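Participant:
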Amino acid sequence: MRDVAVIGIGCTQFGEHWSTSFRNLFVEAGALALEDAGVTGEQIDALYVGNMSAGRFVEQEHIGALIADYAGLASNHIPSTRVEAACASGGLAFRQAVISVASGMEDIVVAAGVEKMTDVGTGASVDTLAGAADREWEGFAGATFPGLYAMIANDYMHRYSLTREQLAQVAVKNHANGAKNPIAQFRQQITVDTVLKSSLVADPLRLFDCSPITDGAAAVVVVPLERAREFTDTPVRVLASAQASDTIALHDRREISTLDATVAAGRRAFQQAGIEHRDIDMLEVHDCFTIAEICAIEDLGFCAKGEAGKLTEEGVTALHGDIPVNTSGGLKACGHPVGATGIKQIYEIVKQIRGEATGRQVDAEIGMAHNVGGTGATVAVHILGGC
């Protein structure tokens, strides 16, 4: 297996793109990534695109071919593959690109993610997203993702010490970071009071505990590490790529407030990278809801169960804390175009390692990305570091 590096990144603005099409979002992100990498379309060997549900959001299937076509690569006849794993689609697309290069099958590969969610109404979006859970045993019973994560939050607060104010601090922190990120959907700071007085969605989760519905795309270019400096002076090495699965239905889990797939993927990533928790300088975790960030920090092993709320309250996870979490603003403030989120996490870590995260820069040599599908049925964890 060859070592792999990221040589180029690109990302659209996240938000409501009513005047931009699904395909144009991807083309924009892909063009930015190729320009950043200093490569042309003719040099691309393969393309992996993370997308959850274009068939329902924009009534378009056959995404791999569509993207290759509108990226101007159809005449090259390169393999273009759609990867679907609900909200972890982007993370798995990146993993497939890394595997293809590491194996020697291909040399220059684009990993991308795209979703356009605002072309349908809120009800249709919620129903589409519910397909990432167990439709027969959860969705047909009326469970939505706010409801499922509210169950996780209630179970967590029953087992451990977590105040409602500490949970709100997650949203406050991520909005503060998002306010410094030019691609973020929400660039306004909020207060704990803002969160606590927002509309109740599914007790104890309120509106400002929930990530938004978002349009956006992101792309990165990966190559063998041995060739990386042919293209850039600032390659970022992929130190680990791990994936784990769990039951799709929440009620079948050993314990619902611990995501065992996160625990397993995190352990595998640390073993692959040959590093320890103290070596990680920053985290991009899957904060689809505020409780998800709390669980992620603990399940990845950065503190014991029941301690992440206190660490958040004390500023340990803040931008200039001991372990900055979601410097991009996370899903909560940067936005959550579900197919693109996992790639955006890689984009943010590369930005930080290259020292290009103006306004939110931290001292980072090694970063970890944590991308979740559903309520934790699929988890991808990647570790990246400077060369």
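Note that UniProt numbering numbers the sequence shown so that position 290 is 290, with each residue one more than the last.
Cβ atoms here follow ideal geometry from the backbone N, Cα and C, with glycine treated the same way.
Values in this document were obtained by computation on a predicted structure and should not be read as measured data.
Leaving aside the five residues before and after L196 along the sequence, list all residues of the same chain whose C-beta is less than 8 Å from its C-beta, in chain order.
Facilitator: Answer for L196: R164, E165, A168 and R206, listed in chain order.
Participant: Which ranges would you report for the alpha helix (DSSP H) in the region 67-152 if only whole runs of at least 4 residues count?
Facilitator: You should have 89-102 and 122-130.
Participant: Indicate the three-state DSSP secondary structure (helix, strand or coil) for L207 in the structure shown.
Facilitator: Here L207 sits in helix by DSSP.
Participant: Please return the same chain residues whose Cβ sits closer than 6 Å to the Cβ of F140, not counting the five positions on each side in sequence.
Facilitator: Counting only Cβ-Cβ distances below 6 Å, and skipping sequence neighbours, we find nothing.
Participant: If you measure between the beta carbons of D215 and A377, is that distance less than 7 Å?
Facilitator: Against a cut-off of 7 Å, the Cβ pair of A377 and D215 comes out as no contact.
Participant: Short of 6 Å in beta carbon distance, which residues of its chain neighbour P235, apart from the five on each side in sequence? Order them along the chain.
Facilitator: Once the five neighbours on either side are set aside, the close Cβ partners of P235 are A5, I7, A228 and C387.
Participant: Since Y48 sits in a beta bridge, which residues does DSSP pair it with?
Facilitator: According to DSSP, Y48 bridges with T81 and A111.
Participant: Report the rounded CA-to-CA distance for A184 versus A176, giving the unit in angstroms.
Facilitator: Roughly 11 Å between the two C-alpha positions.
Participant: Leaving out five residues before and five after V109 in sequence, what residues of the same chain have Cβ atoms less than 8 Å from its Cβ?
Facilitator: These residues qualify, in order along the chain: I44, D45, A46, L47, Y48, A97, S100, V101, V221, V222 and V223.
Participant: If we ignore side chains and look at the alpha-carbon of each, how far apart do L73 and A179 end up?
Facilitator: Roughly 36 Å between the two C-alpha positions.
Participant: Check for me: the alpha helix (DSSP H) holding V195 runs from which residue to which?
Facilitator: Taken as a continuous stretch (DSSP letters only), the alpha helix (DSSP H) holding V195 covers V192 to L196.
Participant: In this structure, how does DSSP classify E356 when only helix, strand and coil are distinguished?
Facilitator: Coil, per DSSP.
Participant: Could you say if the region 285-296 and the region 330-341 meet the contact criterion of at least three C-beta pairs nearer than 8 Å?
Facilitator: Flag = yes, the region 285-296 and the region 330-341 touch.
Participant: Quick check: A264 and L239, are their CB atoms within less than 7 Å of each other?
Facilitator: Contact flag unset, no.
Participant: How big is the Cα-Cα spacing for Y70 and R268?
Facilitator: Answer to the nearest angstrom: the Cα atoms are 37 Å apart.
Participant: Is M368 near I213, with beta carbons less than 7 Å apart?
Facilitator: Contact flag unset, no.
Participant: Going by DSSP, name the residue or residues bridged to residue 395.
Facilitator: No statement about residue 395 is possible, as the shown extent of the chain runs from 1 to 387 and does not include it.
Participant: Classify D215 as helix, strand or coil using the three-state DSSP reduction.
Facilitator: D215: strand per DSSP, three-state reduction.
Participant: What are the boundary residues of the alpha helix (DSSP H) that includes G309?
Facilitator: Where G309 is concerned, the enclosing alpha helix (DSSP H) stretches over A308 to E313.
Participant: Relative to the alpha-carbon of G10, which residue among R360, V350 and I383 has its alpha-carbon at the smallest distance?
Facilitator: For the residues R360, V350 and I383, the minimum Cα distance to G10 belongs to V350.
Participant: For G359, which option in V316, T12, G301 and T327 has the closest C-alpha, if you only look at C-alpha atoms?
Facilitator: That would be T327, whose Cα lies nearest to the Cα of G359.
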